[in-house]
Each structure stands twice: as C-alpha cells, then as structure tokens.
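Number 111 in full-length UniProt numbering belongs to position 111 of the sequence shown; there are no gaps in the numbering. A virtual CB, placed ideally from N, CA and C, is assigned to each residue, including glycine.
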Amino acid sequence: MINITKVNYKISDTFKITNLDLNLDKGTYHLLGPNGAGKTSFLNLLSGLCSPDTGHIFIGNVAVNPLNLGQLSKVRAYLMQKQVAHFALTVKGMLAITLSLSESAVETLCENHDVIKGLDLLQLLNRSITALSGGESQRAHLARVLLHCDLKLEPNFCLLLLDEPYTGLDVSHKLWLNQYLTQLGKYITVLISHHELNLALNLAQPCIIINNGQIHRVLTDSRDIEKSTLVDVFKLPLSVLSETNEGILQIIGI
Ligand SMILES: Nc1ncnc2c1ncn2[C@@H]1O[C@H](COP(=O)(O)OP(=O)(O)OP(=O)(O)O)[C@@H](O)[C@H]1O
1 MINITKVNYK
11 ISDTFKITNL
21 DLNLDKGTYH
31 LLGPNGAGKT
41 SFLNLLSGLC
51 SPDTGHIFIG
61 NVAVNPLNLG
71 QLSKVRAYLM
81 QKQVAHFALT
91 VKGMLAITLS
101 LSESAVETLC
111 ENHDVIKGLD
121 LLQLLNRSIT
131 ALSGGESQRA
141 HLARVLLHCD
151 LKLEPNFCLL
161 LLDEPYTGLD
171 VSHKLWLNQY
181 LTQLGKYITV
191 LISHHELNLA
201 LNLAQPCIII
211 NNGQIHRVLT
221 DSRDIEKSTL
231 VDVFKLPLSV
241 LSETNEGILQ
251 IIGI
C-alpha cells in the first residue's frame, strides 16, 4: 500500500503541488494530465528524489525521503522521463550494475527471462547503450527497471513508477509492455505517467488525473473519464470526441 498524506511541494514561484492525499493499493494506474500538470513532479516525490514541504509518503512501511534512497531502492523502481547515459556501457553492463550481478550472471538471467524476450533485448545485450536507437534505448532502460522490480529478485518490492514509458516504442513492444504491466499490477502498484489517452479510455484500469499540481479525479475505471474532463483539463474540442457502440469515449485524430 502506498500512502500519501497532505503533501504540498513548491517547485517554483509559479508552480506547486498541492493537497495530495491518496492511498494506492495494488493495481496498474494511469497517471494522466496535460503538459506541465505536475505528473513528473508527483513521481519524483513518490520516488523520494525530492522531499515535500509538508505531509508524508510511505511505500509500505518505508518512509519516502531523499535520505532514504538505499532503503527505497529495495521497495520501488523508477523509470525517469529522460535517460542520460554518461558512459558507453553495454546493455549487459548496465543491467549488471542495476541488479548488482556479474555480467555472466546477467547473461544467464537473460537467457530465458520474459522481460528480455518481450523487449527483444537478447541481441542487444553486447551493444553500447549510447549507440542504440531511441526505441532500443528505451527498451533497454525498461528492462533495467522491470528486472529490478521482478518479484523473484526483490520480494519486498511494491511500487513501480514509469514516466512516459511508451516513448519511442513501436506498436508491438507497446502492446507487450501493456500486457506485462497489467499482469504486474496484480502483485504491486504500477503507476504509469503518459499521454496515450485513447489507450487509457480503452482499458478498464484505475487512473489519476492531475491538473495544475492538484488531483482532478481518481477513477477506478479509466473508461469513466468524462467528456468534461477531456474538454476542460485536456483542452480537446468536443468535435474530436466520439463514442463507440459500447459507449466508450474515443478521441479522433490521435
Ligand atoms: N526544476 C524546475 N524548476 C522550476 N520549474 C519546474 C522545474 N521542474 C518542473 N517545473 C515546472 O513545474 C511544472 C510541472 O512540471 P512536470 O514536469 O511535473 O509536469 P508534467 O505533468 O510531467 O509535464 P509533461 O507532460 O510535459 O512531462 C511545469 O510548469 C514545469 O515547468
């Protein structure tokens, strides 16, 4: 269980996160909101990369704050929006560092692992991370966090934070990732920040909508996102909203 109580955080004179009050159980949650709504700031707070001005956050019984990063790495993983590669490590080398394993142990782990198969990484293990395409690099970094939170490796893991994980992925890897995250949500809390609104509208999964640094809605079923939210929060014209025969909203043109 993730517990967020009365969290406030001033980022600048013009933007602050206000009154975050939320409990998250196991599940796959979509974190939605327009550019600049505060999604990354929310994930940074949850991951312990920054500290709220007031309020507190717990991941299970671990208090979240930047002084606790060692303990936090045993209970949560975070795929940040931007990945910076400082060294020309191979994919295998990066996984070895993340998982605290030798490169040969990584090779053995990867031989038959669902994440490596699903992300088609076997043939990229010996490639330099700096010489991959955008989508290949995203797949390597996804593997880093998904293996890190694999329940077999870390039994106390309970939170996976993903900031725009679909960026650069082709459609078959996107589909695989969705299916994997849906399964993972049966065991831990998975929070995915993204802009794929039609995807959220099609999946019966919980979602949190953020706007102007505040929670606008928390829905147990993302298909219940209202037309008014799409118009008022996401600034979509009514003319691009359509409904399927099953009454599910869809956005035309994206
Ligand atoms: N280091 C910073 N200093 C000042 N302002 C910041 C800083 N980081 C973010 N902001 C501002 O805080 C607000 C929220 O940014 P945040 O990155 O959390 O939004 P977001 O919802 O993730 O946006 P996007 O969908 O564009 O990634 C924005 O107005 C942004 O310009």
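Coil, strand or helix - residue i by DSSP
| i | result |
| --- | --- |
| residue 174 | helix |
| residue 163 | strand |
| residue 148 | helix |
| residue 108 | helix |
| residue 139 | helix |
| residue 243 | strand |
| residue 14 | coil |
| residue 220 | coil |
| residue 209 | strand |
| residue 252 | coil |
| residue 96 | helix |
| residue 27 | strand |
| residue 116 | helix |
| residue 227 | helix |
| residue 168 | coil |
Cβ-heavy atom distance, residue i to ligand 1, below 8 Å
| i | result |
| --- | --- |
| residue 216 | no |
| residue 8 | no |
| residue 164 | yes |
| residue 11 | yes |
| residue 48 | no |
| residue 39 | yes |
| residue 195 | yes |
| residue 123 | no |
| residue 34 | yes |
| residue 14 | yes |
| residue 290 | The structure shown does not extend to residue 290, since the chain is modelled only from 1 through 254, so no value can be given for it. |
| residue 81 | yes |
| residue 168 | no |
| residue 213 | yes |
| residue 157 | no |
Of the listed residues the options, nearest to residue i (C-alpha basis)
| i | options | result |
| --- | --- | --- |
| residue 208 | 196, 191, 202 | 191 |
| residue 253 | 179, 197, 149 | 197 |
| residue 204 | 185, 163, 169, 216 | 185 |
Test item: CB-CB of residue i and residue j under 9 Å
| i | j | result |
| --- | --- | --- |
| residue 206 | residue 220 | yes |
| residue 58 | residue 3 | yes |
| residue 214 | residue 38 | yes |
| residue 89 | residue 106 | no |
Exercise. Does the count of Cβ pairs from the region 71 to 87 and the region 134 to 151 closer than 8 Å reach three?
Worked result: yes
For this session: Would you check if the region 145 to 162 and the region 65 to 81 touch, i.e. whether three or more CB-CB distances between them fall below 8 Å?
Result: yes
For this session: Report yes or no: do three or more beta-carbon pairs, one from the region 38 to 52 and one from the region 171 to 185, lie closer than 8 Å?
Result: no
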